[in-house]
Amino acid sequence: MRSADAHRASSFAGVAGLVLLLGAALSGCAAMQQPLKALQQVVTPAASEPAASAADAAAAAAPAPVAAPVVAETPVSPAVQRAYDEARKAMRAGRPADAERGLRALVKSNPELGGPHANLGLLLRQAGRLPEAVAELEAAVHANPQQAVYFNQLGIAYRQQGEFAKAREAYERAIDLDATYASPLLNLGILHDLYLGEGSRALALYDRYLALSPGGDAQVAKWVADLKNRKPPPVTVSRKEQP
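Note that the numbering used here has the sequence shown beginning at 188, numbered continuously upward.
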């Protein structure tokens, strides 16, 4: 893989390596049921994520992607919210075993909530348990099919498993749900660029991503220049079939 491509793949992990934590902003009386907030993107490097390839290397220095809007989920009791907060706290503190226990209890008691499934999926993905991670992220999008963040994270898991067609579908669904959500645009661009060999499609997606990045992104701008300057492969004459 050329140097530019290696950097591009590493940035893919920069998006993938962010630990998504639950939003905890609840208001009103504690005794009342309140909507459980969807995942929010927080810059927390996933130091324990396995680096099986350049695309999966931890990239803590990568810029945080633009966060998707919060989509409220099913109202929950204060007890469920507290359990959720404890699992989030364990994730932040680097206690994956405690976080996994808490999240598994929540997905068992409240399978209709997408957030616990999604966070459990992220935890499992960081541990390299991709089939389990995909199953939880699929459960998350089934529970809340309007949450673009879940589809983006599912796309990352599919890509890590080598299921590129499914990854593309997941990213496209995230973009359909929120055309201003920059992360799936970048991820889909990288997928087309590095894994599907569709440079023109990647270029269009990178341009859309940059348009949604107020501070710019020098690395992606370099990729755009690289794609524009890339020479097309030489045309070869195909062998003629015998009559």
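We put the CB at the ideal spot given by N, CA and C, even for glycine.
All of these numbers come straight from a predicted model, not from anything done at the bench.
- In terms of Cβ geometry, residue 381 and residue 348 do not form a close pair [threshold 7 Å].
- DSSP, reduced to helix, strand and coil, places residue 262 within a strand of the structure shown.
- Comparing alpha carbon positions, the residue from 292, 365, 403, 417 closest to residue 389 is 417.
- Taking 3 residues as the shortest admissible run, the region 300-353 contains no complete beta strand (DSSP E) segment at all.
- Rounded to the nearest angstrom, the gap between the Cα atoms of residue 356 and residue 345 is 10 Å.
- According to the DSSP assignment, residue 380 belongs to no alpha helix (DSSP H), since it is labelled neither H nor E.
- A check of alpha carbon separations from residue 308 across 325, 292, 293, 300 identifies 325 as the nearest.
- Contact check for residue 386 against residue 341 fails: the beta carbons are separated by 7 Å or more.
- Taken through DSSP and simplified to helix, strand or coil, residue 281 comes out as coil.
- Annotation: the continuous alpha helix (DSSP H) that includes residue 395 extends over 386-398.
- One alpha carbon belongs to residue 394, the other to residue 370, and they sit about 13 Å apart.
- Residue 413 carries a helical assignment under DSSP once its states are collapsed to helix, strand and coil.
- Annotated three-state conformation of residue 374 is helix, per DSSP.
- Note that the C-beta distance between residue 375 and residue 358 is below 7 Å.
- Contact between residue 412 and residue 397 is ruled out by a C-beta separation of about 12 Å, above the 8 Å threshold.
- Residue environment analysis places residue 401 among the exposed positions, since fewer than 16 neighbouring C-beta atoms fall within 10 angstroms of its C-beta.
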